[in-house]
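The listed protein sequences derive, respectively, from chains E and S.
Going by the numbering used here, 102 is the number at position 21 of the first sequence; the sequence numbering is gapless.
Going by the numbering used here, 349 is the number at position 268 of the second sequence; the sequence numbering is gapless.
A virtual CB, placed ideally from N, CA and C, is assigned to each residue, including glycine.
Protein chains: 2
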Amino acid sequence: MEENGFRPKGFPELKNDTFLRAAWGEETDYTPVWCMRQAGRYLPEFRETRAAQDFFSTCRSPEACCELTLQVRSPQKREGFMPSACPVKQPVPYSLQPLRRFPLDAAIIFSDILVVPQALGMEVTMVPGKGPSFPEPLREERDLERLRDPAVVASELDYVFQAITLTRQRLAGRVPLIGFAGAPWTLMTYMVEGGGSSTMAQAKRWLYQRPQASHQLLRILTDALVPYLVGQVAAGAQALQLFESHAGHLGPQLFTKFALPYICDVAKRVKAGLQKAGLAPVPMIIFAKDGHFALEELAQAGYEVVGLDWTVAPKKARERVGKMVTLQGNLDPCALYASKEEIGRLVQQMLDDFGPQRYIANLGHGLYPDMDPEHVGAFVDAVHKHSRLLHQN
Amino acid sequence: MEENGFRPKGFPELKNDTFLRAAWGEETDYTPVWCMRQAGRYLPEFRETRAAQDFFSTCRSPEACCELTLQVRSPQKREGFMPSACPVKQPVPYSLQPLRRFPLDAAIIFSDILVVPQALGMEVTMVPGKGPSFPEPLREERDLERLRDPAVVASELDYVFQAITLTRQRLAGRVPLIGFAGAPWTLMTYMVEGGGSSTMAQAKRWLYQRPQASHQLLRILTDALVPYLVGQVAAGAQALQLFESHAGHLGPQLFTKFALPYICDVAKRVKAGLQKAGLAPVPMIIFAKDGHFALEELAQAGYEVVGLDWTVAPKKARERVGKMVTLQGNLDPCALYASKEEIGRLVQQMLDDFGPQRYIANLGHGLYPDMDPEHVGAFVDAVHKHSRLLHQN
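Written out as structure tokens, the structure reads:
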């Protein structure tokens with residue numbers, strides 16, 4: 082990492098470590114909160130710009146990624162948003178205003194999980210209104226030969242490291258910066274399906290018909306992810322989240338065979354990689370969407386935090402995972418359609434159920450594009466307000 | 082029901098009641114098996130015919146529905162399939178050959194859950210390759226005024242009753258015939274979204290923003306479903322399955338408020354309706370896909386059978402629901418991509434885990450169009466073969 086000039090030194094001192102403390106299982110004064118997809122990507126103004134037309138070019142621009150990371154949903158700053166400009170250079174940084182308005186306790190770098198398949202040599206485009214598309218998905222076992230050596234992936238993704246370093250500098254220590262990646266199985270689904278799918282039948286066909294080739298592909302992805310995630314920390318990421326977004330398509334049996342071992346391997350090897358590189362450990366979060374059936378296993382997979390979607394009741398989740406892991410989640414994103422009063426009530430219930438410690442508030446999935454930013458603010462405020470009361474009792 | 086001339090009398094004697102016995106919780110000699118979406122609808126030859134182009138016209142033709150119900154996936158009879166013809170009139174009924182080849186223990190009437198919104202006055206078309214589409218979905222609360230009186234739905238759907246009666250006659254007592262409907266919440270999602278959706282955000286927005294109007298809509302649907310399901314039994318259906326296909330979009334809280342009460346109400350009122358009409362009770366199956374969080378509640382909802390998707394481990398499901406309900410499911414449909422040997426192994430594991438009684442084998446979801454019919458046969462055979470061994474022990 083040394084040659085890219087973005088070593089994690091000389092960063093501004095962290096002023097709000099509540100998220101990190103909760104992630105490590107330390108006591109906090111209130112419940113920290115952030116939102117999956119809080120970055121500008123899902124803002125209407127983002128989708129109207131050329132960034133949406135050329136999504137992966139935006140991902141390759143550290144300036145744009147920095148801006149989009151800081152530009153969380155602002156109710157009053159819709160006009161004048163230009164991802165190609167970098168207004169953070171202004172004396173009163175425009176892009177930090179939303180973070181002032183919505184006092185989120187963490188930022189997550191703007192990027193996409195599919196930069197890893199891209200770095201492995203696959204073409205991926207983002208089709209506006211449709212989603213990602215691979216013109217040449219993996220169809221046959223021999224297609225694996227098309228993939229680049231996973232060892233080159235981290236250097237291919239230097240632009241992500243640059244974005245992380247720039248963003249951490251510009252965050253000025255307000256809150257910690259989270260890096261992320263897609264888990265091997267979820268990346269495999271995109272690479273085989275060639276895009277989204279309601280059944281993941283093609284990717285699952287691989288698991289049933291070509292288990293050895295599937296394991297080979299999952300190993301390649303794991304080998305790519307480990308240096309990529311270590312590199313994110315080297316560049317300045319202060320926590321890491323692994324998204325197993327398509328866990329729900331696997332039942333307990335397939336998950337145990339084709340997802341969990343790689344999830345465990347990523348955690349183990351990233352931790353070893355950080356140590357080897359002389360980097361301080363960072364908390365790691367595993368979010369396996371619809372992976373309700375594997376909660377116990379995920380809590381033992383080497384991650385400090387287990388993310389939950391909204392289909393798991395908080396108390397039951399805590400009973401199942403025990404006390405040695407922090408839980409993150411899990412408000413139904415659609416709850417943000419409710420009135421602010423109802424959001425407050427739902428947040429209160431959620432916080433009461435999760436309890437005041439070893440907990441990070443979040444949604445159970447990402448924000449949707451049509452959500453009112455003011456309601457995001459109501460969510461954040463409700464978490465802070467009610468959790469301070471909870472922590473006092 | 083009397084005026085339509087399809088009273089359930091004079092039907093041939095049932096020769097194989099294994100499915101019904103298992104559904105009622107009675108002892109069986111082997112484990113009965115059927116497949117969701119086993120009817121011809123998902124056959125390649127079906128999709129190539131005009132039936133796919135004019136899906137709901139097919140639903141309105143009792144002859145075509147009968148043919149498609151009996152025409153389960155045959156590996157050797159792909160040619161010459163004509164849904165408009167009715168080859169069952171031939172001396173050796175062509176359409177019964179597949180049932181001979183694949184000794185399924187139940188048939189399910191070919192129809193669609195969206196005939197109910199249609200009967201309520203909504204326009205629905207089936208777009209080939211895309212799915213159902215409502216040109217004018219419910220957008221505002223006042224759109225509920227567009228819906229017809231639910232009391233007229235059953236008479237509007239007389240064509241389904243005719244299809245059931247015809248099919249039961251032509252089944253000649255081989256196996257019982259299952260009727261079905263979509264549950265209120267699932268029907269509501271289509272009516273509000275106007276088609277499929279990965280998030281159901283519009284329908285969930287109703288739940289959060291218009292809870293009273295949502296309950297009004299769900300009550301209308303319940304009021305339509307009760308006489309429709311009673312009518313199916315009057316016409317000859319020997320069991321009923323309610324599909325809550327979109328349960329997973331609701332967390333425990335929303336499910337408890339907006340899905341479960343109507344699921345319970347349907348069961349209670351259908352049972353009362355059957356009694357009032359002097360009809361013998363039939364076993365009822367509730368299948369709430371991705372409803373893992375509500376298994377205990379579903380087992381108490383007034384249904385004899387609880388269907389499971391493949392994300393729930395059989396032993397855990399049995400622990401959670403207790404002994405007073407039959408379980409149905411739950412092989413991952415994609416397991417049919419595996420080799421026949423592997424299918425046999427997976428079936429054996431599933432049967433061992435569910436145990437020999439109070440169990441109906443099925444997939445955890447419907448068959449996919451690209452599945453090899455021979456592998457469906459391997460699934461059915463494996464269930465019968467292994468369960469006979471299990472029942473002997």
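Show which residues of chain E have a CB atom less than 9 angstroms away from the CB atom of residue i.
i, result
"S/Phe374", "His373, Thr392, Val393, Ala394, Lys397"
"S/Pro45", "Past the boundaries of the shown model lies residue 45 of chain S; chain S is included only from 82 to 474, so the question cannot be answered."
Residue i touches chain S at which residues, Cβ-Cβ below 9 angstroms?
i, result
"E/Gly329", "Gly329, Asp371, Thr392"
Kindly list, in the order they appear in chain E, the residues whose Cβ is closer than 8 angstroms to that of residue i.
i, result
"S/Thr139", "Result: empty, since nearest Cβ-Cβ is about 23 angstroms, beyond 8 angstroms."
"S/Tyr289", "Cys415, Ala416, Tyr418, Ala419, Glu423"
For residue i, go through chain S and note every residue whose CB falls closer than 8 angstroms to its CB, in chain order.
i, result
"E/Ala380", "By Cβ distance, chain S contributes nothing, its closest Cβ being about 16 angstroms from E/Ala380, past 8 angstroms."
"E/Tyr449", "Thr280, Ala282"
Here's the rule: buried if 16 or more other CB atoms are within 10 angstroms of the residue's CB, otherwise exposed. What is residue i?
i, result
"S/Val470", "Reading the sequence as shown, one finds Leu at residue 470 of chain S and not Val. The residue in question, S/Leu470, is exposed, as its Cβ has fewer than 16 Cβ neighbours within 10 Å."
"S/Asp451", "exposed"
"S/Glu274", "buried"
"E/Ser138", "exposed"
"E/Ala208", "A quick correction: the sequence has Val, not Ala, at residue 208 of chain E. It counts as exposed."
"S/Gly403", "exposed"
"S/Lys285", "buried"
"E/Asp433", "exposed"
"S/Met405", "exposed"
"E/Ser382", "The residue asked about is misnamed: residue 382 of chain E is Ala in this sequence, not Ser. Buried, since its Cβ has 16 or more Cβ neighbours within 10 Å."
"S/Asp230", "exposed"
"S/Asp193", "buried"
"E/Asp98", "buried"
"S/Pro93", "exposed"
"E/Gly410", "buried"
"S/Asp186", "buried"
"E/Glu144", "buried"
Less than 8 angstroms between CB atoms is the rule here; does residue i satisfy it with respect to chain E?
i, result
"S/Gly458", "no"
"S/Lys211", "no"
"S/Lys338", "no"
"S/Arg286", "yes"
Please report how far the alpha carbon of residue i lies from the alpha carbon of residue j, in whole angstroms.
i, j, result
"E/Leu177", "S/Leu389", "Caution applies to E/Leu177, whose pLDDT of 47 falls short of 50 and renders its modelled position unreliable; the model cannot decide the point."
"E/Leu335", "S/Leu376", "22 angstroms"
"S/Gly445", "S/Gly458", "16 angstroms"
"S/Ala416", "S/Gly263", "26 angstroms"
"E/Val386", "E/Ile441", "9 angstroms"
"E/Leu360", "S/Thr407", "55 angstroms"
"S/Arg439", "S/Val114", "12 angstroms"
"E/His69", "E/Ala316", "There is simply no residue 69 of chain E to check, as chain E begins at 82 and stops at 474 in what is shown."
"E/Asp135", "S/Ala463", "51 angstroms"
"S/Arg227", "S/Glu237", "16 angstroms"
"E/Ala294", "E/Leu302", "12 angstroms"
"S/Cys140", "S/Arg251", "18 angstroms"
"S/His465", "S/Asp110", "10 angstroms"
"E/Leu355", "E/Pro362", "6 angstroms"
"S/Ser214", "S/Leu321", "26 angstroms"
"S/Leu298", "S/Gln152", "36 angstroms"
"S/Val307", "S/Gly329", "24 angstroms"
"E/Tyr343", "E/Thr337", "10 angstroms"
"E/Thr246", "E/Ala235", "15 angstroms"
"E/Trp266", "S/Lys211", "26 angstroms"
**Request:** Please specify which runs of the beta strand (DSSP E), each continuous and at least 3 residues long, are wholly inside the segment 190-224 of chain E, giving them in chain order.
**Result:** 206-208, 212-214
**Asked** Which parts of the segment 285-330 of chain S are runs of the beta strand (DSSP E), unbroken and 3 residues or longer, counting only runs that do not cross its ends?
**Response** 320-325
**Request:** With a floor of 3 residues, list each beta strand (DSSP E) that falls wholly inside the segment 397-443 of chain S, ordered by position along the chain.
**Result:** 407-412
**Asked** Can you list, in chain order, the stretches of the beta strand (DSSP E) that have 3 or more residues and sit fully within the segment 333-404 of chain E?
**Response** 365-369, 386-388
**Message:** Threshold first: 4 residues or longer. Then list the alpha helix (DSSP H) segments lying entirely within the segment 253-277 of chain E, N to C.
**Reply:** 265-274
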